[in-house]
Each structure stands twice: as C-alpha cells, then as structure tokens.
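Keeping their order, the protein sequence lines are chains R and L. Read left to right, the first sequence gives residues 1 to 196 (our numbering). Read left to right, the second sequence gives residues 1 to 196 (our numbering). Virtual Cβ for every residue (Gly too), placed ideally from N, Cα, C.
Protein chains: 2
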Amino acid sequence: MAKSSAPSRERIVAGAADMISRRGLNATSIRELAKHAKAPLGSTYHYFPEGKQQLATEAVRYAGTAVERILRKELDAGPAAGLRAFLALWRGIVVDSDYRAGCPVLAVSVEEPPADEIPPALAAAAEAFEGWERLLAESLRAHGADRDQAAGVAALVVAGVEGAIAMCRAKRSMTPLDLVERQLEAVIAGAVGGGG
Amino acid sequence: MAKSSAPSRERIVAGAADMISRRGLNATSIRELAKHAKAPLGSTYHYFPEGKQQLATEAVRYAGTAVERILRKELDAGPAAGLRAFLALWRGIVVDSDYRAGCPVLAVSVEEPPADEIPPALAAAAEAFEGWERLLAESLRAHGADRDQAAGVAALVVAGVEGAIAMCRAKRSMTPLDLVERQLEAVIAGAVGGGG
DNA sequence: CTCTGGCTATAACGCTCGTCATAGTCTAGC
DNA sequence: GCTAGACTATGACGAGCGTTATAGCCAGAG
C-alpha cells in the first residue's frame with residue numbers, strides 16, 4: 001500500500017506543465033491531459049482530489065522549481081552564464097516543440113482569475129517569477145551590481161525572455177529570442193561592470 | 001439597407017479584444033462575448049460568418065493597429081517618449097482592470113495552433129508585434145541608433161513590456177512594469193547616445 | 001401599400017467539459 | 001488464502017461550447 005506509484009503521479013504533473021505551456025490553462029482538459037500522460041482519468045482525481053486547480057498549481061510549481069534548479073546551478077559561473085542557460089532552456093523548448101510550447105508560468109499568468117479570489121495556480125506563478133528574479137538579482141549583486149540595479153535587471157531579464165518566447169511562437173521564428181539575448185547580455189555586462 | 005450598423009460590429013470586435021486579453025482565446029466563448037458586447041448571438045455570425053477564427057483575427061488586428069496608432073503619434077517626440085506612451089497604455093489597461101486584463105496579442109500568441117496549419121489570428125499577432133517593433137526601430141534609427149542596435153532594442157522593448165505585463169498580473173503588483181520601464185529607458189538612452 | 005434585405009430571436013445539433021459515484025482489479029501484509 | 005487499501009475502469013450528471021437553421025422583425029425603396 002505504501003508504495004504509491006509516484007512515477008505515475010509525477011508524469012501527470014509534468015504532462016500538465018507541458019500541456020499548459022502549449023494550450024493555456026483553461027484550454028487544457030483533464031481528459032486529454034490524462035491521455036497525454038498515459039494515465040487513466042480516474043487516477044487524476046485520485047492523486048489530485050481537489051481537481052484541476054490543484055493539478056494546475058502543482059504543474060506551475062513543478063516548472064518553476066525545475067527552472068530554478070537549473071538557474072541556481074548555472075549562476076555559479078556568473079550572471080552571464082546564468083542568462084545563457086536560461087535562454088538555452090527556453091530555446092530548446094520552443095524549438096523542440098516547433099513553436100508550439102512555451103512557458104507554463106506565463107500561460108497561467110495571462111488568464112483571468114474567476115470572480116474575486118486569486119486561484120492558487122496564479123499565486124504559484126507569481127512565486128515562480130519571484131524565485132527566478134531573486135536568483136538572478138543575487139548573482140548580479142554578488143558580481144558587483146548594486147542592489148536596485150540588480151533587481152531591475154533581473155526583472156528585465158525575466159520579462160524580456162518571457163515576452164520573447166511568446167513573440168517567437170507568434171512569428172514562428174527564433175529571431176526575437178536571439179535579439180533579446182544580445183541586448184540582455186549587454187545590460188548584464190553594464191550592470192556588473194558599471195555598477196549603477 | 002446600406003446603413004449596416006457598424007457601431008455594433010466594431011463594439012463586438014473591441015469587446016473580443018478585451019475579452020481575449022483577459023481570458024485568452026480558447027477560453028473566450030462567443031456567447032459570453034456577445035453578452036459582454038451587448039450584441040445578440042446571432043449577430044456575431046451575421047457580421048463574422050467565418051466564426052470565431054475571423055472574430056479573433058479581427059480582434060487582434062484591431063488591438064495591434066490601435067497600439068500602432070498611439071505609438072506612431074508619440075514616437076514623434078522621440079523613442080523615449082514613445083516608450084513612455086507604450087508603457088502608460090498598458091499600465092492603464094492593467095490597473096483599470098485590477099490586473100485582470102493584459103495584451104490580447106500576447107494572449108493569442110501563447111495558444112497552440114491546431115494540427116499543422118497556422119490560424120490567421122496567430123499570423124495577425126505576429127504582424128502586430130512586427131509593426132510595433134518596426135515603429136520603435138525606425139524612431140531609434142532616426143535618433144542616432146545604428147541599424148542592428150535599433151532592431152535589438154525594439155525587440156527588447158516589446159518583449160520586456162509584454163513579459164512585464166504578465167508578471168504584473170501574476171503578482172498583482174505594478175512593480176515589474178516599473179522596474180522594466182527604468183531599465184528600458186536606460187537601454188534606449190544608451191542606444192541613441194552611444195550609437196552601438 | 002408591398003416588398004426587400006439587413007438584422008435579431010430562438011432552438012437545436014453533436015460534442016466536450018469538470019466532477020463525481022460506483023464497481024472492479026491488483027498487490028502487500030498477515 | 002484472505003483481507004485491506006491503493007489504484008483503475010466505466011459511466012453518468014448538468015453545463016457550456018461552436019455552429020447552423022429557421023423564422024420573425026423592422027426600416028427604407030418602389
């Protein structure tokens with residue numbers, strides 16, 4: 001009993017993140033998600049008894065921490081190396097999916113919350129963005145940028161990359177991400193060099 | 001007969017753009033859209049016989065050219081003024097909607113195209129982005145930036161603002177847009193001043 | 001007045017949605 | 001072998017979807 005076939009559960013979460021990154025949250029149905037993750041529909045409600053909301057929240061957190069892990073590792077070699085890894089990660093997702101997939105965190109961020117409450121998935125998206133920004137800002141500060149400048153540059157990096165991913169999908173071309181990468185490299189160089 | 005109550009038609013398109021900017025394309029239903037635009041459901045298929053696809057395409061074009069018009073006007077006073085107007089526009093939309101609305105062009109860009117064809121709405125989104133970038137790049141070049149730098153900065157501006165809008169919605173805070181604005185001002189100043 | 005044609009109202013089609021309930025299968029522990 | 005509990009299979013519920021069809025309204029042309 002205590003086994004709890006975790007691979008199945010994790011496969012569902014990962015599949016949800018992928019599917020949300022392609023179609024958006026509202027357009028992702030649990031039925032198709034189960035099929036995509038090769039899991040029975042009944043299992044999704046077994047593992048995620050709170051339904052779609054819980055599934056979406058865990059998918060966003062899953063993607064957020066996965067990116068955070070990569071970022072944390074690559075930022076050891078400095079902010080510029082972290083930027084390169086961050087971009088390479090998204091580039092791979094966009095290219096491998098033939099411009100069909102993007103960032104699940106962004107996808108959740110751009111859907112209107114119902115009524116007057118903020119759904120946990122949206123809060124998870126905010127936390128993901130904050131985590132990425134914090135890691136970037138810390139690395140920038142550690143390499144000579146002053147506090148305000150670090151926060152600003154970190155926000156610009158995350159916003160610019162997220163926006164560029166969407167632009168690449170619309171244009172079916174990697175040009176926006178390429179252009180943005182070059183600009184962000186210069187901004188980071190200026191921030192760690194020039195200080196403020 | 002020749003009257004063709006155009007105000008009704010335009011109200012539907014504008015309502016579609018607003019609704020898409022809040023909920024995304026797939027999650028926007030024609031029934032709710034008609035209600036939101038105070039138009040009868042039958043009228044939507046009368047004005048847009050190709051259905052939702054045509055409606056989405058026109059909505060994206062409507063938003064794209066509206067922004068272009070503002071951009072074109074404000075860029076007369078230079079790239080920095082254009083950036084300020086661009087940001088003020090989105091800031092108004094995000095704040096007035098209490099973080100519920102964003103950019104309809106972005107919303108369309110992040111939804112997976114069906115099968116193997118590219119829907120016209122997605123193509124319209126790409127054109128909207130290209131239009132904004134082109135106007136920004138032209139203004140930058142006219143004020144001393146060299147060709148490559150202008151294209152890069154223009155892409156960064158559009159990507160950064162689009163990404164920041166989404167981040168603001170997730171965090172329910174205008175901080176990302178504020179931070180990005182300051183960074184983009186500096187980038188533009190560097191591009192028109194330093195040249196390359 | 002009649003008639004025409006743009007617009008609207010209403011109902012229906014087949015489909016998918018999120019969610020729940022129920023019954024069944026399989027394995028781990030005794 | 002047997003029971004308990006984790007997992008799966010299946011089907012149903014009401015609701016909403018995009019779209020179409022049909023009939024009705026109502027201003028302007030003749």
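Check	Outcome
Beta carbon proximity, R167/L to chain R, threshold 8 Å	Here residue 167/L turns out to be Met, not Arg, going by the sequence shown. Yes, its Cβ sits closer than 8 Å to a Cβ of chain R.
Cβ-based burial, V157/L [other Cβ within 10 Å; buried from 16]	buried
CB of K171/R within 8 Å of CB of A126/L, strictly	yes
Contact check, A121/R vs Y62/R, beta carbons under 8 Å	no
Contacts of F129/R in chain L (Cβ-Cβ under 9 Å)	A166, M167, A170, K171 and P176
N- and C-terminal bounds of the alpha helix (DSSP H) containing G92/R	P79 to D96
7 Å CB neighbourhood of E111/L in its chain, flanking five on each side removed	G24, L25 and N26
C-beta atoms of V13/R and A77/R nearer than 8 Å	no
Assigned secondary structure, D148/L (DSSP; H/G/I helix, E/B strand, else coil)	helix
Residues from the stretch 106 to 118 of chain L in contact with chain R, defined by Cβ distance under 9 Å	L106, A107, V108, S109, V110, E111, E112, P113 and I118
Supposed contact pair R169/R and Y99/R - C-beta distance, whole angstroms, cut 8 Å	5 Å
Nearest-angstrom Cα separation, counted from G131/R out to E68/R	7 Å
Buried or exposed by the 16-neighbour rule on C-beta atoms within 10 Å, applied to P40/R	exposed
Buried or exposed (CB count within 10 angstroms, at least 16 for buried), K52/L	buried
Sequence-distant residues of its chain with Cβ nearer than 6 Å to I93/L (five each side left out)	A101
Backbone CA spacing between A123/L and P113/L [nearest angstrom]	11 Å
Residues near V153/L in its chain [Cβ-Cβ closer than 7 Å; skip 5 each side]	L140, A145, V187, I188 and A191
Contact set for Q54/R: own chain, Cβ-Cβ below 6 Å, skip 5 residues either direction	F48
Beta-carbon separation (whole angstroms), A37/R vs R72/R, contact threshold 8 Å	27 Å between Cβ atoms; not a contact.
Under 8 Å between C-beta atoms of L135/L and L75/L	yes
For P119/R, the nearest candidate out of V108/R, F129/R and A155/R (CA to CA)	V108/R
R22/R: contacting residues in chain L (beta-carbon distance under 7 Å)	E112
Cβ shell of S97/L (< 8 Å), same chain only, five flanking positions each side left out	R22
Through-space distance from S8/L to R91/R, alpha-carbon basis	43 Å
Whole-angstrom distance between A128/L and G42/L, CA atom to CA atom	29 Å
Contact list for Q53/L against chain R, beta-carbon separation under 9 Å	What Q53/L touches in chain R: nothing, since even the nearest Cβ is about 15 Å away.
With 16 other Cβ atoms within 10 Å as the buried cut-off, status of V180/L	buried
Cα-Cα separation between F86/L and T65/L, rounded to whole angstroms	13 Å
E10/L in three-state terms, based on DSSP	helix
Contacts around M174/L, its chain only, beta-carbon distance under 8 Å, and the 5 residues preceding and following it disregarded	R91, V94, V95 and C168
Of the listed residues H143/L, A81/L and P176/L, nearest to E133/R (C-alpha basis)	P176/L
Residue range of the unbroken alpha helix (DSSP H) whose run includes P120/R	P120 to A142
A166/R versus H46/L: straight-line alpha-carbon distance, rounded	32 Å
Rounded straight-line distance, which links the Cα of T57/L to that of L89/R	31 Å
Residue-chain proximity (E50/R, chain L), Cβ-Cβ < 8 Å	no
Residues within the stretch 63 to 92 of chain L neighbouring chain R, beta-carbon criterion of under 9 Å	none
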